[in-house]
Amino acid sequence: MLPIDPQRMLADLRALAEFGKMGSGVNRRSLTPEDLASRDWLLKRMRAAGLDARIDGIGSVAGRTPGSRKHILIGSHTDSVPKGGWLDGSMGVIFGLEIARAYVEAGLTDDPGVEVISFIDEEGRFAGLLGSAVFAGKMDEGDIRELRDERGESLESALQSAGYAGRELLRFEPDRHAAYLEAHIEQGPVLETAGKRIGLVTDIVGVSRCEVVFTGQADHAGTTPMELRRDAAAALYAFADDFARFCRNEGSDRTVWNLGLVRLEPGAYNVVTQQASLGVEYRDPSADVLDRIRRYIVDHAGRLAEEHRVSAEVVPGAGILPNPMDESVLGHLEQAAADLHASSIRMPSGAGHDATMLAHLVPTAMMFVPSIGGRSHDISEDTREEDIVLGLKVLARAVERIIAPS
Ligand SMILES: [Zn+2]
-9 MLPIDPQRML ADLRALAEFG KMGSGVNRRS LTPEDLASRD WLLKRMRAAG
41 LDARIDGIGS VAGRTPGSRK HILIGSHTDS VPKGGWLDGS MGVIFGLEIA
91 RAYVEAGLTD DPGVEVISFI DEEGRFAGLL GSAVFAGKMD EGDIRELRDE
141 RGESLESALQ SAGYAGRELL RFEPDRHAAY LEAHIEQGPV LETAGKRIGL
191 VTDIVGVSRC EVVFTGQADH AGTTPMELRR DAAAALYAFA DDFARFCRNE
241 GSDRTVWNLG LVRLEPGAYN VVTQQASLGV EYRDPSADVL DRIRRYIVDH
291 AGRLAEEHRV SAEVVPGAGI LPNPMDESVL GHLEQAAADL HASSIRMPSG
341 AGHDATMLAH LVPTAMMFVP SIGGRSHDIS EDTREEDIVL GLKVLARAVE
391 RIIAPS
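Structure follows, in structure tokens:
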């Protein structure tokens, strides 16, 4: 029913990878000159496909098939991390473009039609999942005005120089958007290890972050007796050790965590540490488990502070609630894979995706294709061409099933 053309899709995917090309990957952070050029290109490709398309006030690009009242939204992102891979995000957007193009070529005007979207800044130059958060109504113009990148450039000035500032924002429309589908590379080794070709995402895990700060007293590290020290670093090391043990024993079998940020002040061989802060990130599909870990962090930091004669503060950071995918849309993907005799497994997503922002608004589902060696967020990221093509076919088949249930 949908006359998709896998070779045309691959040609578009490769053309997109030319913007910010770096070796076998891309360096295309959102709103950089390379990214802006890729957005203009995408807009042109959407219009050439007969879609009603535009770039909005923060740089998200969307195009929809004309003539329909309701639309199935297919999307992802086309920005990359610094020195990222060519498929992360881009593949899902180009799948959407190909499916919308096929819909127009088939002369369809049924409900629902197809809308394709590239959400700006999923990778967080200014804020992770920025475009989908704005689309979902979780951020407004006031929030946008506050955002800066790590070098201090404001989002507002980047939007001004891009020429996007002041344009209307694309927003989720409950009367128009019937479902959200996102195809993405897995970015991990599960599919390859299991020898399966399609991953059916059951849920996107929640992510919690906080900063644990211990404050003691700087003293001479040679003359101050151990028992009199108020060593903030000692409290931090004990905390890091206990935290990992707690997560292993009391988390679920799906809990993962990372202690990837440490700051010690003043930070010297011969000075007892005055202040020690630890960035803590943990993920789990269950909100209860995340909450249990959060309570442990607060309680245990307090206990260790007392033990080490320092003070403790836990500063909450950004967080994303766990999001189960919609069973009926997931069922269409599962059946689509079966229709095409593609091996599939149900699996969670340990990475955040734009689908997270849509899941509570509209029936949402995601699918993965295998990543070679599980590599991603690196220029070495890749997927076998036959897996990319199969992914497109499964997604298109699922859209057909939603448009015309048989
Ligand atoms: Zn991505």
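Counting from 1, position 118 in the sequence shown corresponds to residue 108 in the numbering used here; the numbering is continuous, with no gaps. Positions of the beta carbon are idealized from the N, C-alpha and C atoms, including for glycine. Predicted, not measured: the structure shown is a model, and the values here were computed from it.
Nearest by alpha-carbon distance to residue i: which of the options is it?
{"i": "Val197", "options": "Glu113, Ala173, Leu63, Val246", "result": "Val246"}
{"i": "Leu320", "options": "Arg387, Glu371, Gly364, Leu145", "result": "Arg387"}
{"i": "Ala308", "options": "Leu119, Leu181, Leu171", "result": "Leu119"}
{"i": "Gly342", "options": "Phe358, Gly206, Gly132", "result": "Phe358"}
{"i": "Leu330", "options": "Leu218, Met347, Arg391, Pro312", "result": "Arg391"}
{"i": "Lys128", "options": "Arg161, Ser301, Ala277", "result": "Arg161"}
{"i": "Ala126", "options": "Trp31, Ala230, Thr354", "result": "Thr354"}
{"i": "Pro312", "options": "Ile393, Ala345, Ala295, Glu324", "result": "Ala345"}
{"i": "Thr55", "options": "Glu95, Glu296, Ser66", "result": "Glu95"}
{"i": "Glu217", "options": "Thr99, Glu143, Ala228, Arg299", "result": "Arg299"}
{"i": "Thr22", "options": "Tyr259, Gly75, Arg115", "result": "Arg115"}
{"i": "Gln150", "options": "Arg135, Val83, Pro179, Pro256", "result": "Arg135"}
{"i": "Asp243", "options": "Ala258, Ser276, Asp231, Gly257", "result": "Ser276"}
Checking 8 Å against the spacing of the C-beta atoms, do residue i and residue j come in under that value?
{"i": "Ser339", "j": "Val191", "result": "yes"}
{"i": "Lys186", "j": "Ser361", "result": "no"}
{"i": "Gly53", "j": "Asp69", "result": "no"}
{"i": "Leu0", "j": "Glu371", "result": "no"}
{"i": "Gly103", "j": "Gly57", "result": "yes"}
{"i": "Ala169", "j": "Ile62", "result": "yes"}
{"i": "Met315", "j": "Asp193", "result": "yes"}
{"i": "Leu438", "j": "Ala39", "result": "This structure cannot speak to residue 438, because the chain is shown only from -9 to 396."}
{"i": "Arg(-2)", "j": "Phe9", "result": "no"}
{"i": "His167", "j": "Phe109", "result": "no"}
Take residue i and list the residues in its own chain whose beta-carbon comes closer than 7 Å to its own, dropping the five residues that flank it on each side.
{"i": "Leu159", "result": "Asp46, Gly47, Ile48, Val124"}
{"i": "Pro(-4)", "result": "Val379, Leu382"}
{"i": "Gly241", "result": "Asp274, Val279, Ile283"}
{"i": "Val304", "result": "Cys200, Val202, Ile287, Val288, Ala291"}
In its own chain, which residues sit with a C-beta less than 6 Å from the C-beta of residue i, not counting the 5 before and 5 after it?
{"i": "Gly13", "result": "Ile369"}
{"i": "Asn248", "result": "Glu271"}
{"i": "Tyr286", "result": "Phe236"}
{"i": "Arg37", "result": "Ala43"}
Just verifying my parser: in three-state terms, what is the DSSP assignment at residue i?
{"i": "Asp101", "result": "coil"}
{"i": "Met357", "result": "strand"}
{"i": "Met12", "result": "strand"}
{"i": "Tyr259", "result": "coil"}
{"i": "Ile110", "result": "coil"}
{"i": "Asp46", "result": "coil"}
{"i": "Ala169", "result": "strand"}
{"i": "Phe204", "result": "strand"}
Compute every distance between the C-beta of residue i and the non-hydrogen atoms of ligand 1, then say whether any falls below 7 Å.
{"i": "Asp78", "result": "yes"}
{"i": "Glu371", "result": "no"}
{"i": "Glu172", "result": "no"}
{"i": "His331", "result": "no"}
{"i": "Glu240", "result": "no"}
{"i": "Glu112", "result": "yes"}
{"i": "His343", "result": "yes"}
{"i": "His67", "result": "yes"}
For residue i, collect the residues of the same chain with a Cβ closer than 8 Å to its Cβ; drop the 5 residues on either side in sequence, then sort them by chain order.
{"i": "Leu33", "result": "Ala43, Arg44, Ile45, Val51, Gly53"}
{"i": "Asp468", "result": "Shown here, the chain extends from -9 to 396; a query on residue 468 therefore has no answer."}
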